[in-house]
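Note sheet for the following structure.
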Amino acid sequence: MTYDREASRYLETQVVSSSPEQLVPLLYQHLLVNLKKAGLQIREHDLEGKAVSLQKASAIVFELMSALDIERGGEIAMRLASLYAYFTRRISEVGRTLDESIIQELVELVGSLHESWLEVATHQEPSP
Numbered sequence: 013m014t015y016d017r018e019a020s021r022y023l024e025t026q027v028v029s030s031s032p033e034q035l036v037p038l039l040y041q042h043l044l045v046n047l048k049k050a051g052l053q054i055r056e057h058d059l060e061g062k063a064v065s066l067q068k069a070s071a072i073v074f075e076l077m078s079a080l081d082i083e084r085g086g087e088i089a090m091r092l093a094s095l096y097a098y099f100t101r102r103i104s105e106v107g108r109t110l111d112e113s114i115i116q117e118l119v120e121l122v123g124s125l126h127e128s129w130l131e132v133a134t135h136q137e138p139s140p
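Quick note on numbering: the sequence shown equals residues 13 to 140 in this note's numbering.
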């Protein structure tokens, strides 16, 4: 079995066994992994690998976007939707320009969100 298949199986197990409160930080964590991996692949001139990593990063952002409940989430959900749209544009720009500074910007933004959501998740009571 290849590493990617094992990693995919591990991610699937994590998602299935996670509570709703844990899913958002988990998605952010995997988004960070794929962004950092894309940066490394750009440095190593692995353009095919970079494309796969950015595609995975985009898919995660779309998953985060689709999980937003604008009605219940109000202004926070609207701001997250705008931020996720920004992430999507910047990921696409990295794919075209190979600009590692954009990846660094995204890593910092996503890292900040990840830390905030981890804080929220640790203070939430588990869902029944």
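Heads up, the beta-carbon is just placed ideally off N, CA and C, and yes, glycines get one too. A quick note: this is a predicted structure, and the numbers were derived from the prediction, not measured.
Under 7 Å between C-beta atoms of residue i and residue j
i	j	result
residue 72	residue 118	no
residue 37	residue 130	yes
residue 107	residue 76	no
residue 112	residue 61	no
Residue i (DSSP reduced to helix, strand or coil)
i	result
residue 56	coil
residue 93	helix
residue 80	coil
Chain-order list of residues whose beta-carbon lies under 7 Å from that of residue i (same chain, five-residue window excluded)
i	result
residue 110	54
Cβ-based neighbour list, residue i, same chain, cut-off 6 Å, excluding 5 preceding and 5 following
i	result
residue 43	69, 72 and 122
residue 99	73
residue 47	69, 115, 118 and 119
Enclosing alpha helix (DSSP H) for residue i [first to last residue]
i	result
residue 133	112-135
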